[in-house]
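2 protein chains.
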Amino acid sequence: MNENKPAIKSLGDMPTSELKKYGHQFVDWIAAYLDEIENYPVLPNIKPGEIKNILPENPPEKGESFESIIADVNDKILPGITHWNHPDFMAYFNSTSSGPGILAELLSAGLNVNAMAWHTCPSATELEEKMINWYKKIFNLPQNFWGIIYDTASTSSMHAIAAAREQLSHLKIREKGMIGRSELPRLRIYSSEQAHFSIDKSVITLGFGLESIRKIPVDEKFRMIPGKLKEAIKEDKQNGYLPCCVVATVGTTSTTSVDNIDEIGTICSEENIWLHVDAAYAGTAAILPEMQWIFKGIEKSDSLVINPHKWMFTPIDLSLFLTKKPDVLKRAFSLSAEYLAGENEDATDFMDYGIQLGRRFRSLKSWFIMRYFGVEGLQNRIREHIRLAKEFAEWIDENPKFERMAPTPFSVVCFRAHPQNITDEDELNELNQKLLDNINSTGKLFLSHTKLNNKFVIRIAISGIRTFEQNVNDARNLIEQKLNELLD
Amino acid sequence: MNENKPAIKSLGDMPTSELKKYGHQFVDWIAAYLDEIENYPVLPNIKPGEIKNILPENPPEKGESFESIIADVNDKILPGITHWNHPDFMAYFNSTSSGPGILAELLSAGLNVNAMAWHTCPSATELEEKMINWYKKIFNLPQNFWGIIYDTASTSSMHAIAAAREQLSHLKIREKGMIGRSELPRLRIYSSEQAHFSIDKSVITLGFGLESIRKIPVDEKFRMIPGKLKEAIKEDKQNGYLPCCVVATVGTTSTTSVDNIDEIGTICSEENIWLHVDAAYAGTAAILPEMQWIFKGIEKSDSLVINPHKWMFTPIDLSLFLTKKPDVLKRAFSLSAEYLAGENEDATDFMDYGIQLGRRFRSLKSWFIMRYFGVEGLQNRIREHIRLAKEFAEWIDENPKFERMAPTPFSVVCFRAHPQNITDEDELNELNQKLLDNINSTGKLFLSHTKLNNKFVIRIAISGIRTFEQNVNDARNLIEQKLNELLD
Chain H
1 MNENKPAIKS LGDMPTSELK KYGHQFVDWI AAYLDEIENY PVLPNIKPGE IKNILPENPP
61 EKGESFESII ADVNDKILPG ITHWNHPDFM AYFNSTSSGP GILAELLSAG LNVNAMAWHT
121 CPSATELEEK MINWYKKIFN LPQNFWGIIY DTASTSSMHA IAAAREQLSH LKIREKGMIG
181 RSELPRLRIY SSEQAHFSID KSVITLGFGL ESIRKIPVDE KFRMIPGKLK EAIKEDKQNG
241 YLPCCVVATV GTTSTTSVDN IDEIGTICSE ENIWLHVDAA YAGTAAILPE MQWIFKGIEK
301 SDSLVINPHK WMFTPIDLSL FLTKKPDVLK RAFSLSAEYL AGENEDATDF MDYGIQLGRR
361 FRSLKSWFIM RYFGVEGLQN RIREHIRLAK EFAEWIDENP KFERMAPTPF SVVCFRAHPQ
421 NITDEDELNE LNQKLLDNIN STGKLFLSHT KLNNKFVIRI AISGIRTFEQ NVNDARNLIE
481 QKLNELLD
Chain F
1 MNENKPAIKS LGDMPTSELK KYGHQFVDWI AAYLDEIENY PVLPNIKPGE IKNILPENPP
61 EKGESFESII ADVNDKILPG ITHWNHPDFM AYFNSTSSGP GILAELLSAG LNVNAMAWHT
121 CPSATELEEK MINWYKKIFN LPQNFWGIIY DTASTSSMHA IAAAREQLSH LKIREKGMIG
181 RSELPRLRIY SSEQAHFSID KSVITLGFGL ESIRKIPVDE KFRMIPGKLK EAIKEDKQNG
241 YLPCCVVATV GTTSTTSVDN IDEIGTICSE ENIWLHVDAA YAGTAAILPE MQWIFKGIEK
301 SDSLVINPHK WMFTPIDLSL FLTKKPDVLK RAFSLSAEYL AGENEDATDF MDYGIQLGRR
361 FRSLKSWFIM RYFGVEGLQN RIREHIRLAK EFAEWIDENP KFERMAPTPF SVVCFRAHPQ
421 NITDEDELNE LNQKLLDNIN STGKLFLSHT KLNNKFVIRI AISGIRTFEQ NVNDARNLIE
481 QKLNELLD
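Heads up: the protein sequence lines correspond to chains H and F, in order. Number 239 in the working numbering belongs to position 239 of the first sequence; there are no gaps in the numbering. Number 142 in the working numbering belongs to position 142 of the second sequence; there are no gaps in the numbering.
Okay, structure coming up:
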């Protein structure tokens with residue numbers, strides 16, 4: 001061991017005196033960052049490779065001072081940050097982290113438990129179970145739903161479709177697999193044309209193949225047409241397919257359209273098809289009594305995903321997955337290993353309900369956030385976002401140079417510039433692409449886009465906890481100004 | 001809005017003055033927790049339901065004070081914590097979080113970026129790329145490996161096997177799927193009898209079915225027998241199977257045995273079978289020059305997983321996945337969506353390489369830890385763990401009442417009590433089960449167990465950053481004392 005004598009620092013962890021000192025510095029750093037965040041460009045003005053190139057090729061041989069690490073966060077990391085916590089980040093489904101959520105992550109890292117089995121951390125398992133009940137209550141969801149927290153909606157939806165497959169237990173896919181078995185029928189997964197591409201990814205991963213997804217057409221409001229679903233199922237059955245799963249979306253990614261769960265649920269019940277509801281972004285709106293129509297008929301669904309990390313001020317990641325059929329989910333994912341065997345038959349081992357064995361203590365975030373803000377505090381914030389979006393939508397509707405491209409049920413508005421003298425669609429697409437680029441390159445606002453019926457459409461998402469009326473007004477002014485510059 | 005007037009707190013986030021105040025309190029809380037952690041029982045002495053039952057049924061209508069939340073962490077959460085950060089936690093593969101890792105999680109939550117695409121956070125993407133290079137250097141891995149950070153080893157291995165399937169591109173599984181296609185051959189996945197059960201879970205999830213795994217026998221040191229693998233492949237091919245993937249393990253979960261990557265790699269190269277290496281726990285040991293033999297022949301592998309959250313003092317979760325064939329991985333998981341389209345062809349969009357779209361800023365943890373401790377500091381700690389395990393193993397070997405049950409290449413020792421007067425295996429199993437229960441119920445030490453050739457075996461894992469020689473000596477004494485009590 002002589003040639004490897006401990007250098008600088010002895011064995012063991014950072015001394016807790018340092019943890020306190022630098023912990024306080026980092027807390028102050030984050031507070032100052034959030035106070036001054038509007039001074040940063042939302043989108044960094046850098047090119048690929050710029051950050052990589054200023055970082056050293058090799059890790060240091062000897063430990064470095066924490067001061068130098070903090071200095072490099074400022075000098076080398078901040079210039080390449082896209083500021084998701086910025087009040088003018090209005091792209092995608094903006095996710096923001098609130099103070100209580102940040103502190104919960106700090107605590108979770110300090111405890112560093114793995115909530116794989118009950119006995120590997122009873123508090124983590126039982127707080128998770130309790131938080132699932134709280135979520136069910138605030139979203140007014142059926143009490144017979146069982147829940148688990150995964151990382152992302154992509155993971156949640158993959159688990160849903162895997163459970164849908166396992167429900168067809170007579171096919172014995174868990175044991176015998178899907179391949180090389182000529183006796184098996186082709187399976188079909190249904191979603192609307194507007195469903196998130198994570199459904200396609202799940203279907204590829206699970207071995208169904210892209211061709212097994214049947215995309216159901218949408219109506220003029222971008223909602224799955226239940227009659228078309230019914231026809232597709234009928235036709236598929238006639239052609240020897242076995243319908244396996246329908247994925248309906250409450251709040252699609254492009255336009256936040258809401259599939260009719262009630263009607264789709266009736267079809268699925270009649271046909272005994274697993275209904276999975278992807279409400280990753282919009283589900284949070286069900287915290288408002290006036291928005292609970294979005295889940296009408298949800299008791300007919302078999303599973304549901306809502307991501308508190310999207311619109312509930314929860315640091316990424318936290319995805320709430322609910323199902324009426326936990327036994328089917330468990331059959332799809334449980335395997336026992338002697339080295340993990342628990343002894344408590346009356347306790348939940350969440351590892352039996354998912355692909356991931358390691359599980360972070362995510363429910364602390366739910367707990368801190370629901371308690372700190374209270375249900376009413378969360379309702380106020382969600383309601384205000386919806387109000388601001390409606391105001392923005394009205395402004396678009398009243399402005400002759402713009403056009404709204406989809407209904408606005410939540411806090412996302414789809415629109416495009418459409419000056420009356422331009423009628424050519426290609427020209428309009430080009431104009432809007434330029435408009436978006438010019439807006440985003442200011443660093444003052446970050447919007448995203450989608451395509452609807454081949455039209456280039458700009459999306460504004462108002463769901464950040466630091467986004468207020470003034471930010472939306474500034475956004476309006478910037479959008480109008482940038483359009484005027486283009487038209488001049 | 002009148003009936004919903006904002007109560008107590010207005011809109012927006014927790015004021016940053018509060019974030020600072022409670023942030024400092026939480027940092028001090030964690031420092032004190034880590035200072036006093038040895039006063040807590042490693043395993044909580046509670047029954048299922050005890051934590052759940054003291055938490056309220058409903059979330060509060062109005063927001064609560066942060067003081068009350070902190071009080072409840074102490075009163076309601078701590079009593080049900082299994083203390084993974086405890087120096088006497090020596091069960092499973094103990095994972096511990098270091099100070100720099102905890103601070104990195106704090107920063108990650110404060111920034112709250114989503115590293116799905118380059119432009120959604122260039123720094124997160126590029127720091128991740130750089131950290132992968134650092135890991136490759138410290139573990140002395142081939143430079144032509146490409147890498148990505150996932151959450152857990154289960155996820156990493158699932159991606160590996162999915163890529164192995166995609167490599168058989170002539171089967172067109174991505175497009176056409178695996179089911180109902182009589183022209184497809186049955187595929188085979190190989191692992192040793194000692195491989196982790198996450199491999200079985202992956203195989204179920206991907207639709208191969210449990211029957212598609214062929215478990216290869218192990219030698220007396222619990223290592224896959226390459227000759228048996230070769231025979232199995234030959235036999236399978238004769239019977240019309242198509243070999244798809246071999247999973248070898250460096251550091252199996254039960255005994256930390258090391259499969260011979262070099263020989264297995266040669267077989268896989270000859271047969272053109274994807275070789276995935278699961279080095280989730282033990283891969284970290286390759287930071288020591290004297291341990292780099294574990295990866296002999298690794299250049300013949302197609303993919304590799306190492307979990308810094310297991311033995312590199314990184315808060316859960318962080319799983320390093322490397323592959324020689326990123327294009328195959330990308331083909332298995334990429335799908336484009338207009339609403340996410342990036343513009344930088346020369347930048348990496350990590351979302352194209354995995355099932356999860358949302359991606360946390362995990363590489364901050366790697367950066368803080370490698371810089372704070374330095375390569376030498378990390379080497380000292382890993383080397384000390386291995387030294388302590390060897391000492392413990394020698395103590396077992398010299399003690400006539402105990403028996404070592406497997407070689408000790410790393411920091412896990414498999415042993416059992418075996419007093420000379422007891423020869424009946426059932427009696428020995430019962431004795432060791434009781435011994436383990438009696439040790440764990442003291443709250444002074446947490447060990448786990450496994451079964452080897454139907455023998456109940458106790459495992460001690462020495463890999464925590466707060467675990468020192470004294471803790472291992474105390475563990476010895478406690479084990480011996482508890483055995484003597486049983487034998488008296």
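Backbone N, C-alpha and C fix where the C-beta goes; we use that ideal spot for every residue, glycine too.
Among residues of its own chain, excluding the 5 on either side of residue i, which ones have a beta-carbon nearer than 8 Å to its beta-carbon?
i      : result
H:E175 : none
F:E425 : N454, K455
F:S120 : The identity of residue 120 of chain F in the sequence shown is Thr, whereas the question assumes Ser. Correct list, in chain order: V113, N114.
H:I422 : L428, L431
Short of 7 Å in beta carbon distance, which residues of its chain neighbour residue i, apart from the five on each side in sequence? Order them along the chain.
i      : result
H:P461 : Correcting the residue identity first, residue 461 of chain H is Ala in this sequence and not Pro. Around H:A461: M90, A91, Y92, F93, N94, S411, V412.
F:E3   : Confidence at F:E3 is low in this model, with a pLDDT of 38, below 50, so its placement is unreliable and the value that follows should be read with caution. Excluding positions up to five away in sequence, the list is empty.
H:T266 : K300
F:S46  : A small fix is needed here, since residue 46 of chain F is Ile in this sequence, not Ser. Cβ neighbours of F:I46 beyond the five flanking positions: P79, G80.
F:I54  : K76
F:K482 : L435, N438, I439
H:E211 : none
H:T96  : W84, N85, F313, G464, I465, R466
F:E469 : L388
Assuming residue i contacts residue j under a Cβ cut-off of 8 Å, what Cβ separation, rounded to an integer in Å, is found between them?
i      : j      : result
H:W134 : F:N58  : 7 Å
F:I98  : F:I369 : Per the sequence presented here, residue 98 of chain F reads as Ser, with Ile not at that position. Between F:I369 and F:S98 the Cβ distance is about 6 Å, and since that is below 8 Å, they are a contact.
F:T125 : F:A347 : 7 Å
F:S363 : F:L127 : 4 Å
F:T255 : F:A160 : Contact doesn't hold; Cβ gap of about 22 Å is too wide.
Counting only the same chain and skipping the five closest in sequence on each side, list residues whose C-beta sits under 6 Å from that of residue i.
i      : result
F:T249 : A195, D259, D278
H:D262 : K296, G297
F:A163 : V328, L329, A332
H:L19  : none
H:I69  : none
Meets three-Cβ-pair contact criterion under 8 Å: the region 177–193 of chain F and the region 177–193 of chain H: Yes: at least three Cβ pairs fall under 8 Å.
Members of the region 346–365 of chain F near chain H, C-beta cut-off 7 Å: Using a CB distance below 7 Å, the part of the region 346–365 of chain F facing chain H consists of D346, A347, I355, Q356, L357, G358, R360, ordered along the chain.
Selection of the region 24–39 of chain H by Cβ proximity to chain F, strictly under 7 Å: So the close ones are H24, F26, V27, D28, I30, A31, Y33, L34, D35.
Members of the region 106–119 of chain F that neighbour chain H once the beta carbon cut-off is set at 8 Å: Per Cβ criterion, the list reads L106, L107, S108, A109, G110, L111, N112, V113, N114, W118, H119.
Selection of the region 436–457 of chain H by Cβ proximity to chain F, strictly under 8 Å: Listed by position, the residues of the region 436–457 of chain H near chain F (Cβ gap below 8 Å) are S448, H449, T450, K451.
Complete runs of the beta strand (DSSP E) confined to the region 290–361 of chain H [at least 3 residues]: As far as the region 290–361 of chain H is concerned, its whole beta strand (DSSP E) runs of at least 3 residues are 303–306, 319–323.
Touch test, the region 7–25 of chain H against the region 96–112 of chain F, Cβ-Cβ under 8 Å, three pairs minimum: Taking a cut-off of 8 Å for Cβ pairs, the region 7–25 of chain H and the region 96–112 of chain F touch, as three or more such pairs fall below it.
Residues of the region 386–401 of chain H whose Cβ lies closer than 9 Å to any Cβ of chain F, in chain order: Only those residues of the region 386–401 of chain H whose C-beta falls short of 9 Å from the nearest C-beta of chain F are listed: R387.
Contact the region 283–293 of chain H vs the region 215–223 of chain H: 3+ CB pairs below 8 Å: Three or more beta-carbon pairs separated by less than 8 Å are not found between the region 283–293 of chain H and the region 215–223 of chain H, which leaves the two stretches without contact.
Within 9 Å of chain H by C-beta, residues of the region 200–231 of chain F in sequence order: Answer set for the region 200–231 of chain F: D200, K201, S202, V203, I204, T205, L206, G207, F208, G209, L210, E211, S212.
Contact between the region 139–149 of chain F and the region 308–324 of chain F (3+ Cβ pairs under 8 Å): The region 139–149 of chain F, when compared against the region 308–324 of chain F, does touch it at the 8 Å Cβ threshold.
Whole beta strand (DSSP E) elements within the region 350–436 of chain F, 3-residue minimum: With a minimum length of 3 residues, the continuous beta strand (DSSP E) runs that stay inside the region 350–436 of chain F are 402–404, 412–417.
Entirely enclosed alpha helix (DSSP H) segments - the region 28–106 of chain F, minimum 4 residues: Listed in chain order, the complete alpha helix (DSSP H) runs (minimum 4 residues) inside the region 28–106 of chain F are 50–54, 66–72.
Every unbroken alpha helix (DSSP H) inside the region 136–197 of chain F [4 residues or more]: Under the rule that a run must span 4 or more residues, the alpha helix (DSSP H) segments found entirely inside the region 136–197 of chain F read 153–167, 173–176.
Stretch pair the region 352–368 of chain F + the region 142–152 of chain H: three plus CB contacts closer than 8 Å: They touch, by the three-pair rule.
Three or more C-beta pairs below 8 Å linking the region 309–317 of chain F and the region 430–438 of chain F: Cβ pair count under 8 Å is below three, so no.
Residues from the region 242–276 of chain F in contact with chain H, defined by Cβ distance under 8 Å: Taking 8 Å as the upper bound on Cβ-Cβ separation, chain H lies near residues T253, S254 of the region 242–276 of chain F.
Near-chain H residues of the region 365–378 of chain F - C-beta to any C-beta below 7 Å: With the criterion set as a beta carbon lying under 7 Å from some beta carbon of chain H, the members of the region 365–378 of chain F are F368, M370, R371, Y372, F373, G374, V375, E376, G377, in sequence order.
Runs of alpha helix (DSSP H) wholly within the region 255–290 of chain H (minimum 4 residues, chain order): Counting whole runs of 4 or more residues, the region 255–290 of chain H contains the alpha helix (DSSP H) stretches 261–271.
Interface residues of the region 407–424 of chain F facing chain H [CB-CB below 9 Å]: Using a CB distance below 9 Å, no part of the region 407–424 of chain F faces chain H.
Members of the region 75–90 of chain H that neighbour chain F once the beta carbon cut-off is set at 7 Å: Of all residues in the region 75–90 of chain H, I77, G80, I81, T82, W84, N85 have a Cβ within less than 7 Å of some Cβ in chain F.
Interfacial residues, the region 285–303 of chain H to chain F, with Cβ spacing under 7 Å: Listed by position, the residues of the region 285–303 of chain H near chain F (Cβ gap below 7 Å) amount to none.
Cβ-based contacts, 8 Å cut-off: residues of the region 129–161 of chain H near chain F: The region 129–161 of chain H vs chain F, Cβ under 8 Å: E129, K130, N133, W134, K137, I138, D151, T152, A153, S154, T155, M158.
Chain H contacts made by the region 176–194 of chain F, where a contact means CB separation under 7 Å: Answer in chain order: K176, G177, M178, I179, G180, S182, L184, P185, R186, L187.
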